[in-house]
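These protein sequences, in sequence, are chains A and B.
The numbering of the first sequence is this note's numbering, which starts it at 1 and goes up by one.
The numbering of the second sequence is this note's numbering, which starts it at 261 and goes up by one.
Here a beta-carbon is modelled for each residue, glycine too, at the ideal position from N, C-alpha and C.
Reviewing the structure listed below.
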Amino acid sequence: MNCREFEDIVNDIVRAKMIDAASRAAGTAHAENCGRCASRLADERALSAGLRSLAVSDDGKAAPATVEAALLEAFRAQVSNPPARRLPARSGSWPRWALAAAAAILIALGLIVYRAIHIEPQKDDKALIKKTTTRQPSVDREQRVVNDAVEPEPRRGPRAPRPRRGSRPRLIKPFIIDGGTTYAKESEYATDFFPLSYSDDQKPTESGEVIRVQVIRVQMPRPALIAFGLPVNVERADVPVKADLLVGEDGLARAIRFVR
Amino acid sequence: MHSTLCDDELVTLLRAGDEIAFVTLYRRRQGGIYRFALRMSGSEAIAEDVTQEVFMTLMRGDGRYDPSRGSFSAYLFGVARNQVRRRLEKDRFLSPIYDGDEDRESPTPESLIALNDPLGDLTRKETIASVRQAVLALPAHYREVVVLCDLQEMSYADASAALGCAVGTVRSRLHRARALLVEKLRAYQSAEEAAEGAAEAGRTSKCFV
């Protein structure tokens, strides 16, 4: 037997697997007369011993009882209701707490802005908007009115390529309100504003009334996109997403748009 | 009664909605699946998820088990392997960290521990930690053959059924994987010896000061 043939069977020799007796004897005899192969055999034996120790140390490990309980529950549900019901993933999907946290952040921001407006009003950062007579005016439309009031000819950039999924809102180039830092820049893309309603008693405004709004740039956890039906890139889950909040005089955030 | 049935018989009963058959199969096979996922990922959380998903797959009848293509065990490991790969791919930016505690590991057979030899015990634990680290550092396709064939003691034929490749491929991957492990363990050993040498040199220089 030469070194190459020995190399072919060295794993089988040390792993005590099925190997014919003649090959084993030839391999062992070769190792006794070849220093390099003897060293190789010793390494393999040491590795096998290490792997055995690792296997033994893990021997009692098993899934916790909660897994069995969850599976049993799912099994019973499936038997009583044939279409299989998937268990919720234990990890790797967006939990509800992330959505709740996003909502809490929005409310907290609203309160902060409310305090800021009432303690030290800054007219430069506010815009006047005329309330429309539409029964449920979209915030985006209100924003365009703001734009008209501040800048006679609103600029709108070209539309971004059509998104793949129908539910995905169209990305549009934002219009600029006053060049302030609180608004989307020309180089940025923003979604349409998504109206935020906290209660059903927000009634449509009467024609001719004027209210003040403010646009505030914030950063939000990326999972907040899910609440608005927007897709989330899982690989960038830890990277916050920029958003513009449209905050009313009462401190409540009325609408939000996401910016990139 | 169910405990005396073979896997295939239990699968037949399970498909008919027999809960005891499902529980019997789960208890018989979950340990191996959990340990496979744990050794592949180094994460107990992933191991739990994978174990759950493997038996959910079995329950739903997705990718139906076909006895002519391999044993039931090989089928389960095949599903587990795909689940682990999916999870590792998803979490590929996270470093695999073994989140178990060596000290609270399962009871170790007394034959491997000399109770009055703390140094030997320490060495053994260090060896296990080094081997575990080396296995986790292997590329996935090498890691899975080491885990299946060496740690789970699966035959080449069953491993090839679980991995969906030829027996020869399993053999050659295992050969290469073990060579890589030897290299890695040698490197760890050299690093440890260098660190010990530096520490010794530090102590000596302090004596002179």
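Around the beta carbon of R45 (chain A), fewer than 16 other beta carbons sit within 10 angstroms, so the residue counts as exposed. D238 (chain A) is outside the set of residues whose beta carbon lies under 7 Å from a beta carbon in chain B. Apart from sequence neighbours up to five positions away, the residues of its chain that approach E32 (chain A) with a beta-carbon distance below 8 Å are A38, ordered along the chain. Within the segment 15 to 53 of chain A, the complete alpha helix (DSSP H) segments at least 4 residues long are 21 to 33, listed from N- to C-terminus. As the crow flies, the alpha-carbon of D250 (chain A) is around 11 Å from that of Q214 (chain A). Assigned with DSSP and collapsed to three states, F193 (chain A) falls in coil, not helix or strand. Chain order gives no chain B residues near N233 (chain A), where near means a beta carbon separation below 9 Å; the closest approach is about 12 Å. Between Q290 (chain B) and the set B:A447, B:C266, B:L348, B:S333, the nearest pair of CA atoms involves B:S333. When secondary structure is reduced to three states using DSSP, V239 (chain A) falls in the coil class, being assigned neither helix nor strand. For G50 (chain A), the neighbours in chain B by C-beta distance under 8 Å run, in chain order, T387, I388, S390, V391, L445. In the three-state scheme derived from DSSP, where H, G and I count as helix and E and B as strand, Q412 (chain B) is classed as coil. When rounded, the separation of the alpha-carbon atoms in H435 (chain B) and D244 (chain A) is 58 Å. Secondary structure note for R299 (chain B): its alpha helix (DSSP H) is the uninterrupted segment 279 to 301. Closest in C-alpha terms to A65 (chain A), from the list B:S328, B:V283, B:E349, B:R438, comes B:V283. The beta carbon of L411 (chain B) sits closer than 7 Å to the beta carbons of R299 from its chain, once the five residues preceding and following it are set aside; these are given in chain order. The beta-carbon of D20 (chain A) is placed no less than 7 Å from the nearest beta-carbon of chain B.
Nearest to A49 (chain A) by C-alpha distance, out of B:L423, B:I388, B:C425, is B:I388.
Interface with chain A (7 Å Cβ-Cβ cutoff): G330 (chain B) is excluded.
Taking 7 Å as the CB threshold, M319 (chain B) lines the interface with chain A.
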